[in-house]
Amino acid sequence: MKALYLSDNGLELRTDCPMPRPQPNEALIRVLCAGICSTDLEIVRGYNPHRGILGHEFVGIVEAAADTDWIGRRAVGGINLGCQTCAVCTQSGPEHCPNRRVLGILGKDGVFADYITLPLTNLLPVPDSVPDDMAVFTEPLAA
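Numbering-wise (our numbering), the sequence shown opens with residue 159 and increments by one.
Structural data, given as structure tokens:
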């Protein structure tokens, strides 16, 4: 799989990244469009120690999911992946989880790749009337 990968040596366009494998509660998503924002640029400049695939703004098509209603649908997704077991997750949501992973920013490979995985609970369907180049801005508008 192709991906834009940040290593200690800098950014690399790699063609040998492994295809992500969805967990039972996740979807496999083919990325159609990804946005580059200042957070991505700051991570490259050393703002945070994330190493791996960058990017968190995207629109894609669900290609595999346990809930087959999602397959073939365009989707965007929330970037915070909470542990779902701590008091913060159960009372306030994954956005504030002290153990969370953040898509393309902290502990979870991002969207500058051919494919990603995300929990089904993070997905939002994109209406047919919204083009990809607009849907990709859902995350910055909602943040």
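Yeah, the Cβ is synthetic: ideal placement off N, Cα and C, and Gly gets one too.
Could you tell me the alpha carbon to alpha carbon distance between residue i and residue j, rounded to whole angstroms?
{"i": "N206", "j": "V288", "result": "33 Å"}
{"i": "P171", "j": "P283", "result": "According to the sequence as given, residue 171 is Leu; it is not Pro. Distance between the alpha carbons of L171 and P283 is about 29 Å."}
{"i": "P277", "j": "N167", "result": "31 Å"}
{"i": "E297", "j": "D174", "result": "28 Å"}
{"i": "C247", "j": "I263", "result": "19 Å"}
{"i": "T243", "j": "I194", "result": "32 Å"}
{"i": "D198", "j": "P285", "result": "27 Å"}
{"i": "E253", "j": "A293", "result": "21 Å"}
{"i": "L190", "j": "A245", "result": "35 Å"}
{"i": "G251", "j": "I201", "result": "25 Å"}
{"i": "C196", "j": "P176", "result": "Correcting the residue type first, residue 196 is Ser in the shown sequence and not Cys. Cα to Cα, the separation comes out at about 27 Å."}
{"i": "D227", "j": "G218", "result": "15 Å"}
For a quick check, are the C-beta atoms of residue i and residue j less than 8 Å apart?
{"i": "A185", "j": "A223", "result": "yes"}
{"i": "P180", "j": "T275", "result": "yes"}
{"i": "R209", "j": "D272", "result": "no"}
{"i": "C255", "j": "G236", "result": "no"}
Looking only at C-alpha atoms, which of the options sits nearest to residue i?
{"i": "G204", "options": "G251, C247, L169, E253", "result": "L169"}
{"i": "V234", "options": "D174, D286, N280, D166", "result": "N280"}
{"i": "G230", "options": "N238, I237, V220", "result": "V220"}
{"i": "D290", "options": "E253, L239, C241, R232", "result": "R232"}
On the three-pair Cβ rule with 8 Å, is the region 212 to 221 touching the region 256 to 269? Contact between the region 212 to 221 and the region 256 to 269 is present: 3 or more CB-CB pairs across the two stretches fall below 8 Å.
The region 251 to 259 in contact with the region 160 to 169 per 3-pair CB rule at 8 Å: The answer is no - the region 160 to 169 does not touch the region 251 to 259, with fewer than three Cβ pairs under 8 Å.
Length-filtered (3 minimum) beta strand (DSSP E) runs lying within the region 243 to 297: Those beta strand (DSSP E) runs which fall completely within the region 243 to 297 and span 3+ residues are 259 to 261, 273 to 277, 281 to 283.
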